[in-house]
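Residue numbers (mature numbering (1 follows the signal peptide of the UniProt record, and there is no 0)): -18 to -1, 1 to 207.
No residue lacks a Cβ here, since even glycine has one placed at the ideal position from N, Cα and C.
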Ligand SMILES: [Zn+2]
């Protein structure tokens, strides 16, 4: 689940974790947590290296293995396809990690959707710099979950109709299917309209996070066992 990642991240960037600053000793990761790779050019990489500077890039070792295997599977299906992560967990190893309703103990990670431009050419990264908030809205209002709105700042508007990007349905669906097939993955959150559109209706692990949570038509939330 989420977030307000952009605001929080920018606040934190302006605070004690300046880029390149050595983390204080208290920020050493809790037992069992490992860091996701931080090289921005890697096959498994942060959508924004700020996630590493902010120390939001920790997962349980099992989570790292799942993501490495998913990356290998995606590159076999779509040469050059990378798996970009957004917020994972902080080093404390405790839930929740604000502003998320969960995250924090290493068993959750948010992954970027894949996008194309208006001509169908794959984009190398999500259209927004932190990876969140490039929403793929429902095609019909009747498909919209939480038509009455979401709680507080989770009630985010659709992007403009003339936006320069669209969801890459093939690659995004493939990534969800790879993750759902992994027995180490407990559940995956995306919006119901995307579950239908991406052909995932038979995938029991793919679920709706609920109207108390942020929109999940801009990223994939993954829970590990
Ligand atoms: Zn999440």
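Straight through space, the alpha carbons of residue 130 and residue 29 are spaced by roughly 31 Å. For residue 201, the enclosing beta strand (DSSP E) stretches over residues 201 to 206. Residue 94 and residue 74 have their alpha carbons spaced roughly 24 Å apart. In the structure shown, the three-state DSSP call for residue 99 is strand.
Counting only runs of at least 3 residues, the region 7 to 40 fully encloses the following beta strand (DSSP E) elements, listed from N- to C-terminal order: 15 to 17 and 26 to 28. In this model, residue 110 and residue 116 are separated by some 6 Å (Cα to Cα).
Taking the CA atoms as reference points, residue 139 sits about 11 Å from residue 132. No heavy atom of ligand 1 is found nearer than 6 Å to the CB of residue 199. Assignment of residue 137 by DSSP, reduced to helix, strand and coil, places it in the coil class. For a cut-off of 8 Å, the C-beta gap from residue 167 to residue 48 is around 6 Å, short enough to register as a contact. Residue 38 places its beta carbon 7 Å or farther from that of residue 206. In the structure shown, the three-state DSSP call for residue 169 is strand. In this structure, residue 205 has its beta carbon at no less than 6 Å from each heavy atom of ligand 1. Distances from the CB of residue 144 to the heavy atoms of ligand 1 are all 6 Å or more. Residue 20 and residue 122 have their C-alpha atoms roughly 38 Å apart. Residue 191 places its beta carbon less than 7 Å from that of residue 198.
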